[in-house]
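Novice: Mapped onto the working numbering, the consecutive letters of the sequence shown carry residue numbers 62 to 325. C-beta: ideal position from N, C-alpha, C; glycine also. The model shown is predicted, which means the values in this text are computed figures rather than measured ones. First, the structure itself, so that you have it in front of you.
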Amino acid sequence: MTDRVDADTAEELADRVESGDLRLYELGEHADADTAAAARRLVVERHSGAELDTTGDYSFPAEKAAGSNIENMIGAAQIPMGVAGPVTIDGGAYSGETYLPLATTEGALLASVNRGLSVIDDAGGATARVTKQGMTRAPVFQTSGIAESQALAEWVRDDTDLLREAAESTTSHGKLLDVTPYVVGDNVFLRFRYDTADAMGMNMATIATGEACDVIEAETDASLVALSGNLCTDKKPAAINAVEGRGRSVTAEALLPGSSSKRR
């Protein structure tokens, strides 16, 4: 926010960036988060000719955001938010009538969703359940051959508690649920699955799995090839995610009578 910015310091820091004396990521070492963000906006404005006054109009605490959520912060962007509903949901953990917030710049999207929810509500609402939960990371190890691969898979099944102790030592929230080995010749893929509580938890799972991999290399003859062996599977469609799940698997259902659909 502009009322928390030291304008003189922001100008000075922007000048130092342009002269090559400082880099954008170093500004937080010379000023508070709001002033550092203002200095970066000045640099971008001077370079591009863009006006970023509204980008600097934010209400969240910059120190907290810059500490763990964003690098080289210059401000924030706003997206219009609307609400659709109400719709009746039987969700297990929550049941009742609720409104659904939607943030978008696509005209008519919310109106379309609202019509769909109206049909669902007229039909008695929707039922939804979380059927699986677990964020995954799947390192791949190389062995001397199929015999050693099979031995590694058996060792993992027998010593999951040892891996759990190592993995959970890195986090106060994550819990290792299980480790599933997949033997492919002299490669063994180990799919670690975690309960990451309310977090998406990808970083949590990666760090925890790295600690467990250190134990595997210390206790066996297997060598870690990659911390992510592409069986996780992250950021792309994959059959294993459809079958085994990744993150939260949710199924929702509603039975719509034909007469209701025709009226809409």
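Return the chain-ordered list of same chain residues with a C-beta closer than 7 Å to the C-beta of W216, the five sequence neighbours on each side being excluded.
Specialist: Translated into positions along the sequence shown, residue 216 becomes position 155. Result list for W216: T281, in chain order.
Novice: Can you tell me whether DSSP reads N248 as helix, strand or coil?
Specialist: Position 187 of the sequence shown, counting from 1, holds the residue named residue 248. Correct three-state label for N248: strand.
Novice: Looking at the unbroken beta strand (DSSP E) that takes in M142, where does it start and where does it end?
Specialist: Numbered from its first residue, the sequence shown carries residue 142 at position 81. 142-151 is the extent of the beta strand (DSSP E) around M142.
Novice: Specify the secondary structure class of L288 as computed by DSSP and reduced to three states.
Specialist: Taking the first residue of the sequence shown as 1, we reach residue 288 at position 227. Correct three-state label for L288: coil.
Novice: K236 bridges to which residues according to DSSP?
Specialist: Within the sequence shown, residue 236 is the residue found at index 175, counting from 1. According to DSSP, K236 bridges with D256.
Novice: Given a cut-off of 8 Å, decide if L251 and L237 are closer than it, judged by their beta-carbon atoms.
Specialist: Position 176 of the sequence shown, counted from the start, is the residue given in the question as residue 237. Position 190 of the sequence shown, counted from the start, is the residue given in the question as residue 251. Taking 8 Å as the Cβ cut-off, L237 and L251 do not qualify as a contacting pair.
Novice: For A187, which of G246, L317, S322 has the nearest alpha-carbon?
Specialist: Translated into the one-based positions of the sequence shown, residue 187 becomes position 126. It is L317.
Novice: Can you give the Cα-Cα distance for Y119 and R65, rounded to whole angstroms?
Specialist: Within the sequence shown, numbered from 1, the residue matching residue 119 stands at position 58. Within the sequence shown, numbered from 1, the residue matching residue 65 stands at position 4. Their backbone Cα atoms lie some 11 Å apart in a straight line.
Novice: Should F202 go down as buried or exposed, given a rule of 16 or more other Cβ atoms within 10 Å for buried?
Specialist: Here residue 202 refers to the residue found at position 141 when the sequence shown is read from its first residue. When all chains shown are included, F202 counts as buried.
Novice: Suppose contacts are defined by Cβ-Cβ distances below 8 Å. Is V191 in contact with V311 by that definition?
Specialist: The residue you call residue 191 lines up with position 130 of the sequence shown. The residue you call residue 311 lines up with position 250 of the sequence shown. Yes; because the gap between Cβ atoms is below 8 Å, this pair is in contact.
Novice: For K296, which three-state DSSP category applies?
Specialist: Position 235 of the sequence shown, counted from the start, is the residue given in the question as residue 296. Coil at K296, not helix or strand.
Novice: Whose C-beta lies closer than 6 Å to the C-beta of T221 among residues of the same chain, with five residues either side of it excluded?
Specialist: By one-based count along the sequence shown, residue 221 stands at place 160. Around T221: V240.
Novice: Does the separation of the CB atoms of T116 and I140 fall below 8 Å?
Specialist: Stepping through the sequence shown from its first residue, residue 116 is reached at position 55. Stepping through the sequence shown from its first residue, residue 140 is reached at position 79. Not closer than 8 Å, so no.
Novice: Would you mind reading off the limits of the beta strand (DSSP E) that contains G308?
Specialist: As a first step, residue 308 must be located in the sequence shown, where it is residue number 247. Element bounds for G308: 308-314.
Novice: For R77, I'd like the list of residues in its chain whose CB is within less than 6 Å of its CB, leaving aside the five on either flank, ordered along the chain.
Specialist: Along the sequence shown, read from residue 1 onward, the residue named residue 77 stands at position 16. Taken in chain order, the residues that qualify are L83.
Novice: Figure out for me which residue from G235, A269, A145, A299 has the closest Cα to the Cα of Q194.
Specialist: Taking the first residue of the sequence shown as 1, we reach residue 194 at position 133. Closest option to Q194, Cα to Cα, is G235.
Novice: Three Cβ pairs or more, each shorter than 8 Å: is that satisfied between the segment 88-100 and the segment 124-132?
Specialist: Yes, the segment 88-100 is in contact with the segment 124-132.
Novice: Please classify G195: does DSSP put it in a helix, a strand, or coil?
Specialist: By one-based count along the sequence shown, residue 195 stands at place 134. G195: strand per DSSP, three-state reduction.
Novice: For P242 versus R218, is the C-beta spacing smaller than 8 Å?
Specialist: Numbered from 1 along the sequence shown, position 181 holds the residue referred to as residue 242. Numbered from 1 along the sequence shown, position 157 holds the residue referred to as residue 218. For P242 and R218, yes; Cβs fall inside 8 Å.
Novice: S214 and V244: beta carbons closer than 8 Å?
Specialist: Counting from one through the sequence shown, the residue named residue 214 turns up at place 153. Counting from one through the sequence shown, the residue named residue 244 turns up at place 183. As written in the sequence, residue 214 is Ala, which differs from the Ser given in the question. Yes, the Cβ-Cβ distance between A214 and V244 is below 8 Å.
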